[in-house]
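Participant: Please find one structure pasted underneath; my questions will follow.
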Ligand SMILES: Nc1ncnc2c1ncn2[C@@H]1O[C@H](COP(=O)(O)OP(=O)(O)OP(=O)(O)O)[C@@H](O)[C@H]1O
Ligand SMILES: Nc1ncnc2c1ncn2[C@@H]1O[C@H](COP(=O)(O)OP(=O)(O)OP(=O)(O)O)[C@@H](O)[C@H]1O
Ligand SMILES: [Mg+2]
Ligand SMILES: [Mg+2]
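Residue numbers (our numbering), protein chains in the order written: chain B, 652 to 999; chain X, 952 to 1228; chain A, 107 to 370; chain G, 107 to 370.
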C-alpha cells in the first residue's frame, strides 16, 4: 500500500526523501563502477514489465478476490539490489506522477518502504541464503514467500511509522499496526507465491539466464549492503523516533488533544495567532526540530505545548533510544541472516 | 486499475502534455520547484486547518486552466486516490471527539476537522501532481530533475521505463485479449495461467532488453548516455513564475485568508463575538 | 446457414484516447465467404476485426454475428462462433507447452479432458505441427509459432475464422502452407493483410479500408485493377500483377508506379 | 575502396543454449554491392548479420570489415563502419524524442552538438520524416517508426548498411517508399528478408542460406529461376515471377508449386 501525501507531514516526508535520495545516489554510483553496461536497458525494460504486470490481476482461488505482482523481489533477484532499487524507484515515480499513487512528497517514503526492504534486506539476507546456489523449485518457493512476506511486513510497518510520526491521522499506533500488518501478510503471501511461480517458470525456460544471475550474485560483496543497512537503520531509528517515540501511543496523544486548545477555537487572539503561524510557516522543514523550543514559546507568547502540538517533540532522550533500537534491530536482522545461512545448506 | 484503463490514462496525460501553451513552454525546473514548494507549504499546515487550505486550490486550478487541462479529469483522478486516505482518516472523527466549535446545533469535533483536512490535502496534492504532469510532460519532468541533480542512471532508467511501458503494455493487452477470446467467461486468469502469461511476457521482455542493448552498442554506446542537451533556459518568464507563485504560497501559508475574511466583522466591530460563537 | 452472417451496421469506434479508428462501417459477410480486408497502416483493419469477437464493443452502430448481436452479455456465445488469430503469434501462446495451449480453449468451454486431447491432435495435424506438441511455445521459430497459433483457434471449432496479417514474417514456404491450409478451410474467412497476393489467392471478395472508412467492396480482381483506388489508399496492385519480369506483361497497368525492372 | 570489403571466413556460431546457428560460412562482399540474404525461418540470417557489427563475436572462423578484423578490441571501429537496422523498430528507438534518437549515434562518436543536429536533419530528410523530429517514438505508426529507425542508422554515416527484414508489416505504399530510399543509397547494402520481390528490385546479388550454411550465392535473377534450389531452401520464386494473372506467363516455371489462379 502506498503512503499518501495527505497523511504526511513535510518533516517526515523530507526525512524519508533524504534517506531515499541517499540510497539512490549510493546505488547509482555503485552501478556506475560495477555495471556491465547491458544492464542499462535491462533495468528500464524490466521496470516497464513490472509496471505492466502490476495491472494484471489473477483470481485467488476460493476467495473471490484477486491479486497481482508487486515486483520488488523479482527485480532484486533478476538485477541485484542496486539496479533493482533504481528500477523500483522509477516505477514508483511513474505511478506517483501519472496515477497519483502516493504523491510526490510521499515518493520518498514509498521508495524506502517498497524498495529498500526487498532489495537491501530481504533479497540478500533472506532470499539468497534460503534459495542457495542452485535453487530447486521448493527452495525457490520457500525463499520467495518468506522474503516477500517479511519485505511487505516491513514496508507496511514503515507506512504505519510514517503516518503516526506525521500526526495527521489520529489512528493510534497500536490499532494501525493491527490493521496494516495482517492485510500485508495476505498481500505478502500472494506476492511471494507469484514471484516464486515466475522464477520457477523462468528457471525452466532459461536456465542459462539463471546461472548467470547467480554468478553475479556470488561475486557481489555484502559489505556495502551492510553499510547501507546500518545507515538506513540509523536514519529510520534516529529520524523517525523523534517523531514516533515522542508520542508512542496515539490514544494518549488524542487525550492530550482533548485538553489542549487549538487556534481555531480561540479566534480572539488574532494578532498572536498570526505571529504564531508565521513562526510555524517557516518551520516546515525538518530543521525546525533543531530550533530552540524556548524561542518558539517566547516569540508567540503561547505555552510551548500548544505551539508544537501538531509537531513532534524532539528530545535527545528519544533520539538516543531510537538509535539504540535501530542498532538492536540491525543486530537482530544480522543474527537471523546468520541462522538462515547456516541452515540453508542442510535444507538441500 | 486495469491495464487497459491505466494505459489510456497515461496516454491521455501524455496527450495533454504535448499541447503548446505558455505554461507548457515554461522551463520544467520552474514548474517542478514551485510544485515541491507548494506541497511542502500546503502539507505543513496544522492538522485542524481546513479553511487555510482553500486558497491553495488556486495553484492547481490556474495551472490547469492556463495549460488547458480539463478539470474534470483532475477531479476524477483525485477521487480515485481517496479510498486509502479515507481508510486511514476515517478514524479521526471516531477518536478525536473534542468539540472545537458549534455550527448551529452541530458540534464540530477536532476529528471532523482533521478528517476534512486530510481529504482536502489529498485532493489538492493529487490535482497538483497531475496538473504538473499534464502541463509539463514526463520527459521534461525527468530532465528537470536530472538538471536539478538526480543521478543520470536514474534519469536514463525513467526514460527507458516510459518508452517501453507502451510497448510492453500493448503486448500484455494483446495477450490478455487472446486469452479471453478462448475463455467462456471474462474472468481473471487463474494463478497458473497468470504465471505463464507473465512468464512469457517476462521472457520477451528479457529478449527485448538484449536487442535494445545491441542496438545501442551499434550506435556507439559506451556505457555513458550522451549528454542530453538542455532545450529550455531559466529565463525571465521562469523567474516571474517562481516569484509570483512563491510569494503567493508564502502569503497563503502565513495568512489564513478565509479566516481573516470570516473575521472581518470581528476586526471591524471589536471583540464582539465572531462568526462562530 | 443464416446464422453465420456477419453484419456491421453504422459501426463507429474511437479509442479511449480519442483516436478515431472506425467511421460508420456498413458490411455484410455471408456464410462461407472469404473476404480480404486491405488498407494502409492505421486504416482500422485490426480494430474492425476486434469488433467481431468482442475485444471491442461497438460505441455506435451494431455488430451481429449470425442471430446474436455482439453485446457484453453475448460475448461468450460470440467468442465460440468467431476465432481470431492475432497478428503476433507470441500474443496468442502463453501456456507452458503447445499441447496445453491448444487445449486451453476446448477445456474452457467445458469439454472433458479426453475430448479436448483429441481436438488438440486434430488441430495440430491440420496445421502440420503435431511434432511440436510437447515443445514450449517460446522456443519455436516464427513460422512454427504462427502454425500453432492457428491451431489454438482451430481447436475451438469456430464457424468464422478471422486472421490479422497471418503471413507477416513467414518464409515463402510457410506462407504457401498457410495459404493451402486456409483454402482447405470451408467456413467463413476474413483476412486483414498487406499481402495482396495472398488475398488474390484466397479471397473472391475484397474490402478496401482507408482512414476508418470502407472505400471499396467488391470482387478482388476488379478492385486490384483499379490503380487509382489503390493509390489513393496507399496500396499497390499485387506483386504478381506488376510487370512480370519474364513476359513484361502488366507493365502498362502499373506505369504510374515506379516499377523497377529486375536487375539480375 | 578495399577497406569496405566484408569478408567472412569459416564462420561458425552456436547460441549459449547450444542451438547451432551458423556453420562454416564463407562470404565476401565488395564495396558498393547490394546483396540479398534469403532463407527459411531460422536459417541463420539474423545471426549472420549480427556478426557484421559485433553483436556476436565469432566463435570459430573470422570476420573482417575492410582492413579490420572483428574482435572485441576493434568493435568500436567496426560499429562505426557498419550500420544495422533491426527487424523491430521498437528495439531501435529508445530515446524520448525522434531527434534525440537520431542524434544518439553522432553524439556517441563525439561530434559536437551543432554538427550532430545537422546530421539529424539530413538523415530525417532522407527518409522523408523531418516532420516527426520532435515526436516521441512511442506515438508513431509502424511505418513511421521504421523510417525513423533507418534514419538513426543513416545519421551514423555507415559505409555498410545492414537491414533485417525491413519491409515486414509495412503497407505496400510504405514498402515502395523504402525500396526507393534504399535504391538512392549508394553504399554497400545487405538485406535479410523474406520479401524476394524486394530483393529482385534492389539486389544484383543474392545469397541463399539454409540451416546455417550458404546454399547458393550468385546473380539474383539466376538463383530465383532455379526452382529446385528454392524449393530445397523453403523458398519460392518472387511473386512477380509466379504466373502473372494478366498474361499467364511464367506458369510453367513454377508449375511444381501449387500456384493458384486468382479467383476474382
Ligand atoms: N490501443 C490503441 N489506442 C489508441 N489508438 C489506437 C490503438 N490501437 C490502434 N489505434 C489507432 O487506431 C487506428 C486504427 O488502428 P488499427 O490497428 O485498426 O490499424 P490497422 O489497419 O490494423 O493498421 P496496421 O496495418 O498497421 O496493422 C490507428 O490510427 C491507430 O493509431
Ligand atoms: N537467442 C537465441 N538463443 C538460442 N537460439 C537462438 C537465438 N536466436 C536464434 N536462435 C536460433 O538460431 C537459429 C538461427 O536463428 P536466426 O534468428 O539467425 O534465423 P533467421 O534466419 O533470422 O530466421 P527468421 O527468418 O525467422 O528471422 C535458429 O534455429 C534459432 O532458433
Ligand atoms: Mg493491424
Ligand atoms: Mg531473423
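Glycine included, every Cβ here is placed at the ideal spot set by N, Cα and C.
#1: Which value, in whole angstroms, describes the spacing of the CA atoms of residue 298 of chain G and residue 171 of chain G?
#2: Check whether the Cβ atoms of residue 152 of chain G and residue 270 of chain G sit closer than 9 Å, and answer yes or no.
#3: Step through the CB atoms of chain G and report whether any lies within less than 9 Å of the CB of residue 1168 of chain X.
#4: With respect to 8 Å, is the separation between the Cβ of residue 318 of chain G and the closest non-hydrogen atom of ligand 2 below this value?
#5: Please check if any C-beta of chain B sits within less than 9 Å of the C-beta of residue 240 of chain A.
#6: Cβ of residue 978 of chain X less than 9 Å from any chain G Cβ?
#7: Can you find a CB in chain A that lies within less than 9 Å of the CB of residue 348 of chain G?
#8: Scan the region 1088-1115 of chain X for residues whose Cβ lies nearer than 7 Å to a Cβ of chain G and list them as they occur along the chain.
#9: What span of residues does the alpha helix (DSSP H) with residue 304 of chain A cover, start to end?
#10: Only counting runs of 4 or more residues, tell me where the alpha helix (DSSP H) segments fall wholly within the region 128-187 of chain G, in order along the chain.
#11: Check whether the Cβ of residue 196 of chain G sits closer than 8 Å to any heavy atom of ligand 4, and report yes or no.
#12: Would a check of beta-carbon distances place residue 653 of chain B closer than 9 Å to chain X?
#13: Here's the rule I'm using: 16 or more other beta-carbon atoms within 10 Å means buried, otherwise exposed. How should residue 290 of chain A be labelled?
#14: So, at 8 Å on beta carbons, what are the nonlocal neighbours of residue 1001 of chain X in its own chain, with the 5 sequence-adjacent residues on each side left out?
#15: For my contact list, residue 176 of chain G and residue 160 of chain G are in at a C-beta cut-off of 8 Å; report their separation, rounded to the angstrom.
#16: What are the residues in the region 706-728 of chain B lying within 9 Å of chain X by C-beta distance?
#17: Flag this pair as touching only if the region 1009-1026 of chain X and the region 1074-1090 of chain X have three or more C-beta atom pairs under 8 Å; answer yes or no.
#18: Can you look up residue 126 of chain A in the DSSP assignment and give me helix, strand or coil?
#19: Please confirm whether any heavy atom of ligand 1 lies closer than 8 Å to the CB of residue 315 of chain A.
#20: Determine the contact status of residue 965 of chain X and residue 1183 of chain X, defining contact as a CB-CB distance below 9 Å.
#21: For the region 1033-1047 of chain X against the region 1097-1110 of chain X, do three or more pairs of beta-carbon atoms, one drawn from each stretch, fall closer than 8 Å, so that the two count as touching?
#22: Please find out if some non-hydrogen atom of ligand 3 comes closer than 8 Å to the beta-carbon of residue 1122 of chain X.
#23: Between A:147, A:143 and A:131, which has its C-alpha nearest residue 166 of chain A's C-alpha?
#24: Could you tell me if the beta carbon of residue 842 of chain B falls within a distance shorter than 8 Å of some heavy atom in ligand 3?
#25: In three-state DSSP terms, what is residue 1082 of chain X?
#26: Hey, would you say residue 1114 of chain X sits closer than 9 Å to residue 194 of chain G, going by beta carbons?
#27: Under a Cβ-count criterion, where at least 16 other Cβ atoms within 10 Å of its own Cβ denotes burial, should residue 342 of chain A be classed as buried or exposed?
#28: Taking Cβ-Cβ distances shorter than 7 Å, what residues in chain G pair up with residue 148 of chain A?
#29: Any chance you could list the beta strand (DSSP E) runs of at least 3 consecutive residues sitting entirely within the region 216-285 of chain A, in chain order?
#30: I need the boundaries of the beta strand (DSSP E) containing residue 119 of chain G, first residue and last residue.
#31: Evaluate residue 1191 of chain X with the Cβ neighbour count: other Cβ atoms within 10 Å of its Cβ, from every protein chain shown; 16 or more gives buried, anything less gives exposed.
#32: Quick one: Cα of residue 138 of chain G to Cα of residue 1092 of chain X, how far?
#33: What's the call for residue 774 of chain B, buried or exposed, on a 16-neighbour Cβ count within 10 Å?
#34: Pairing CB atoms from the region 197-205 of chain A with CB atoms from the region 250-262 of chain A, are three or more of them under 8 Å?
#35: Which residue wins for smallest C-alpha separation from residue 832 of chain B, given the options B:798, B:779 and B:811?
#36: Please report the distance separating the alpha-carbon of residue 232 of chain G from that of residue 142 of chain G.
Facilitator: Reading from the atomic positions:
#1: Residue numbering aside, residue 298 of chain G sits at position 192 when the fourth chain is read from its first letter. Residue numbering aside, residue 171 of chain G sits at position 65 when the fourth chain is read from its first letter. Going by C-alpha positions, residue 298 of chain G is about 18 Å away from residue 171 of chain G.
#2: Within the fourth chain, residue 152 of chain G is the residue found at index 46, counting from 1. Within the fourth chain, residue 270 of chain G is the residue found at index 164, counting from 1. Yes. Within cutoff.
#3: Within the second chain, the letter at position 217 stands for residue 1168 of chain X. Chain G contact via Cβ: present.
#4: Residue numbering aside, residue 318 of chain G sits at position 212 when the fourth chain is read from its first letter. Of the heavy atoms belonging to ligand 2, at least one sits nearer than 8 Å to the Cβ of residue 318 of chain G.
#5: Walking along the third chain from the start, residue 240 of chain A turns up at place 134. Taking Cβ atoms only, chain B never reaches closer than 9 Å to residue 240 of chain A, which makes this a no.
#6: As a first step, residue 978 of chain X must be located in the second chain, where it is residue number 27. Judged by the 9 Å Cβ criterion, residue 978 of chain X is not in contact with chain G.
#7: For the purposes of this step, residue 348 of chain G is taken as the residue at position 242 of the fourth chain. Residue 348 of chain G counts as touching chain A.
#8: Only 1090, 1110, 1111 and 1114 from the region 1088-1115 of chain X bring a Cβ to less than 7 Å from some Cβ of chain G.
#9: In the third chain, counting from the first residue as 1, residue 304 of chain A sits at position 198. For residue 304 of chain A, the uninterrupted alpha helix (DSSP H) segment begins and ends at 302-308.
#10: Listed in chain order, they are 151-158 and 181-187.
#11: By 1-based counting over the fourth chain, the position of residue 196 of chain G is 90. Short note on residue 196 of chain G: C-beta not closer than 8 Å to any heavy atom of ligand 4.
#12: Taking the first residue of the first chain as 1, we reach residue 653 of chain B at position 2. True, the Cβ-Cβ gap to chain X drops below 9 Å.
#13: Position 184 of the third chain, counted from the start, is the residue given in the question as residue 290 of chain A. It counts as exposed.
#14: Sequence index remark: in the second chain, residue 1001 of chain X carries index 50 (1-based). Within the same chain, residue 1001 of chain X has close Cβ partners 1064, 1067, 1068 and 1071.
#15: As a first step, residue 176 of chain G must be located in the fourth chain, where it is residue number 70. As a first step, residue 160 of chain G must be located in the fourth chain, where it is residue number 54. Indeed, because the Cβ distance is near 6 Å, the residues count as touching under 8 Å.
#16: For the region 706-728 of chain B, which is checked against every Cβ of chain X, the residues closer than 9 Å are 706, 707, 708, 709, 710, 711, 712, 717, 718, 719, 720 and 725.
#17: Touching, yes, given that three or more Cβ pairs across the two stretches are closer than 8 Å.
#18: To locate residue 126 of chain A, count along the third chain from 1; it is residue 20. Of the three classes helix, strand and coil, the one that applies to residue 126 of chain A here is strand, per DSSP.
#19: Here residue 315 of chain A corresponds to residue number 209 of the third chain, with the count starting at 1. Residue 315 of chain A Cβ: within cutoff of ligand 1.
#20: Looking up residue 965 of chain X in the second chain gives position 14. Looking up residue 1183 of chain X in the second chain gives position 232. For residue 965 of chain X and residue 1183 of chain X, no; Cβs fall outside 9 Å.
#21: Contact between the region 1033-1047 of chain X and the region 1097-1110 of chain X is not established, with fewer than three Cβ pairs separated by less than 8 Å.
#22: Along the second chain, read from residue 1 onward, the residue named residue 1122 of chain X stands at position 171. No; taking the cut-off as 8 Å, the Cβ of residue 1122 of chain X has no heavy atom of ligand 3 nearer than that.
#23: Position 60 of the third chain, counting from 1, holds the residue named residue 166 of chain A. Minimum Cα distance to residue 166 of chain A is reached at A:131.
#24: Numbered from its first residue, the first chain carries residue 842 of chain B at position 191. No, the beta carbon of residue 842 of chain B sits no closer than 8 Å to any heavy atom of ligand 3.
#25: Position 131 of the second chain, counting from 1, holds the residue named residue 1082 of chain X. Helix.
#26: One-based indexing of the second chain puts residue 1114 of chain X at position 163. One-based indexing of the fourth chain puts residue 194 of chain G at position 88. No Cβ-Cβ contact shorter than 9 Å links residue 1114 of chain X with residue 194 of chain G.
#27: In the third chain, residue 342 of chain A corresponds to position 236, counting from 1. The residue in question, residue 342 of chain A, is buried, as its Cβ has 16 or more Cβ neighbours within 10 Å.
#28: Against the third chain, residue 148 of chain A aligns to sequence position 42. Per Cβ cutoff of 7 Å: 247.
#29: Entirely contained in the region 216-285 of chain A, the beta strand (DSSP E) runs reaching 3 residues are, in chain order, 266-270.
#30: Indexing the fourth chain from 1 puts residue 119 of chain G at position 13. In the DSSP assignment, residue 119 of chain G falls within the unbroken beta strand (DSSP E) covering 112-120.
#31: The sequence position of residue 1191 of chain X within the second chain is 240, counting from 1. Residue 1191 of chain X counts as exposed, since fewer than 16 other beta carbons sit within 10 angstroms of its beta carbon.
#32: Translated into the one-based positions of the fourth chain, residue 138 of chain G becomes position 32. Translated into the one-based positions of the second chain, residue 1092 of chain X becomes position 141. Those two C-alpha atoms are separated by around 46 Å.
#33: Locating residue 774 of chain B in the first chain gives position 123, where the first residue counts as 1. Buried: at least 16 other Cβ atoms inside 10 Å.
#34: They touch, by the three-pair rule.
#35: Walking along the first chain from the start, residue 832 of chain B turns up at place 181. It is B:811 whose Cα lies nearest to the Cα of residue 832 of chain B.
#36: Here residue 232 of chain G is taken as the residue at index 126 of the fourth chain, counted from 1. Here residue 142 of chain G is taken as the residue at index 36 of the fourth chain, counted from 1. The straight-line gap from Cα to Cα measures roughly 22 Å.
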